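Report on one structure; see the data block that follows.
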């Protein structure tokens, strides 16, 4: 009898071990931005609710993440179960059949609470193909103490001329303080996100109505000359290597008087744990040139499931957890309301606790709502997208142009040479792709 019971207990133990070993493992590709890093530290909450799902993280720098995720999904390699992708990729990849529609986020998910501009950018034919982890536009973050010292007052809607003048006045190179930090690192989602949004406010566009590239037009020359000259006079050294994270570090260490970048940065620059200047930061809308367009973009870092995934159900459970109202409450309980991922849910912006804790809340929402992906430019264009052109070819083309413009900033190329190279590259690629007849 003891032998039989022992054998049964042994079999049960083996079965239990087998069941534990059979836990579903999700491999999640994500970007090394602060909100995603925080998410990883909070996944014990997910594990407690889903003990049968294990998580493996692949955390990468922005340009590297985009390259790896694109290669993986295009080749159907199946390396990742959850992808961190953005407003550019989602509709294009959904149309190609590369993404699973998110139909099973759960009864309490409340998809109708998602901000309309953010939800629309992540949908195709009314179906949601990625859930937003955080949404953003862009705005001016600036040092109020440096403005006061220089006798300057930031308008709520500054012009580029005001920004340039202020940047020069608050630059103090002897003490390592630079008037302005802007993206210079090459990449379609790095320097070209900023420069495309900036060019919209200068009246420029990537293509005319017949898909002819426009880098040989005066609006682009004005944009790039203004940017390069401003950064030479008032920007930090080595700016051609700086992307979002590098400029965030510079601003938080007190080395930048102004930074024009993603609204999501607001919680980091005002957090005393991260920022030496947390109590000195003000906000304004992204600049304009009086032509009716501000230099602000529209983006959401979002979580999606690649088509053909054998773990789609588990992946959708994770996505639902990470982008839910409950997750916002979890972050608030651990880090305070000011630090929850912004820009995704209407209920967050209606929450008095968030409004009180986040002085940047209204500016973020106004910036998101003022971006117009369907009419991004002063002159008419055949494409949608504010800081990108929503065509599959833009990923490679945007990066190639970004390299030329980064070289102009670094001084290894002239503005004229960079624009000529951009025009030639864009004309060649658009002709090859069949846009130019």
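In mature numbering (1 follows the signal peptide of the UniProt record, and there is no 0), the protein residues as written are -22 to -1, 1 to 415. Where a beta carbon is used, it is the ideal one built from N, C-alpha and C, also for glycine. Predicted model only: the values in this text are computed from it and were never measured.
Mapping the DSSP letters down to three states, classify residue i as helix, strand or coil.
i	result
residue 334	helix
residue 70	helix
residue 121	strand
residue 182	coil
residue 36	strand
residue 393	helix
residue 5	strand
residue -14	Here the model assigns residue -14 a pLDDT of 44, short of 50, so the residue's position is not dependable and the matter cannot be decided.
residue 215	coil
residue 202	helix
residue 272	strand
residue 320	coil
residue 189	coil
residue 284	strand
residue 60	strand
residue 277	strand
residue 343	helix
residue 77	strand
residue 297	helix
residue 414	coil
residue -7	Only weak support exists for where residue -7 lies, its pLDDT of 43 falling under 50; the value from the coordinates is given anyway. Three-state DSSP puts residue -7 in a helix.
residue -22	Residue placement at residue -22 is flagged as unreliable, the pLDDT there being 45, under the threshold of 50; a coordinate-derived value is accordingly withheld.
Rounded to the nearest angstrom, how far is the Cβ of residue i from that of residue j, given a contact under 8 Å?
i	j	result
residue 252	residue 397	The Cβ separation is near 37 Å, so there is no contact.
residue 53	residue 7	About 14 Å separates the two Cβ atoms, so there is no contact after all.
residue 295	residue 86	Actually they do not touch by this definition, with Cβ atoms about 13 Å apart.
residue 172	residue 161	4 Å
residue 281	residue 58	Incorrect: roughly 11 Å between the Cβ atoms, too far for contact.
residue 2	residue 32	7 Å
residue 241	residue 390	That belief does not hold up - the Cβ atoms of residue 241 and residue 390 are roughly 32 Å apart, past 8 Å.
residue 178	residue 354	6 Å
residue 315	residue 332	5 Å
residue 93	residue 393	Contact doesn't hold; Cβ gap of about 37 Å is too wide.
Out of the options, state which residue places its alpha-carbon closest to the alpha-carbon of residue i.
i	options	result
residue 102	346, 340, 112 and 69	69
residue 176	401, 24 and 349	349
residue 91	382, 109 and 117	109
residue 185	378, 366, 387 and 392	366
residue 218	191, 386 and 118	386
residue 359	245, 276 and 190	190
residue 120	230, 113 and 169	230
residue 292	347, 154 and 82	82
residue 248	377, 335, 152 and 57	335
residue 134	197, 78, 266 and 55	266
residue 80	86, 106, 97 and 60	106
residue 347	50, 364, 48 and 380	364
residue 235	376, 147 and 157	157
residue 15	410, 76, 24 and 36	36
residue 151	45, 233 and 237	233
residue 419	298, 277 and 88	The chain is shown only over -22 to 415; residue 419 falls outside these bounds and no answer can be derived.
residue 383	403, 368 and 371	403
residue 400	274, 286 and 170	170
residue 204	215, 241, 137 and 49	137
residue 113	122, 104, 98 and 124	98
residue 11	123, 75, 356 and 246	246
residue 45	374, 331, 89 and 126	374
residue 76	95, 94, 88 and 48	48
residue 65	351, 148 and 278	278
residue 408	381, 370 and 380	370
residue 213	257, 378, 258 and 154	154
residue 237	141, 286 and 24	141
residue 262	24, 273 and 9	273
residue 406	73, 254 and 379	379
Exercise for the section: Taking 8 Å as the threshold, find out whether the region 13 to 32 comes into contact with the region 303 to 320 through three or more Cβ pairs. Expected result: yes
Problem - Sufficient close CB pairs (3 or more, under 8 Å) joining the region 120 to 131 to the region 205 to 222 - result: no
Problem - Three or more C-beta pairs below 8 Å linking the region 153 to 169 and the region 220 to 232 - result: yes
Exercise for the section: Take every Cβ of the region 339 to 353, pair it with every Cβ of the region 40 to 59, and state whether three or more of those distances are shorter than 8 Å. Expected result: no
Practice task
List in chain order: all unbroken beta strand (DSSP E) runs of 3+ residues lying wholly within the region 93 to 177.
Solution key: 109 to 114 and 116 to 121
Practice task
Within the region 236 to 268, note down every full beta strand (DSSP E) run reaching 3 residues or more, in order along the chain.
Solution key: 236 to 240 and 259 to 263
Practice task
Enumerate, from N- to C-terminal direction, the unbroken beta strand (DSSP E) stretches of 3 or more residues contained entirely within the region 346 to 389.
Solution key: Inside the region 346 to 389, DSSP marks no whole beta strand (DSSP E) run of 3 or more residues.
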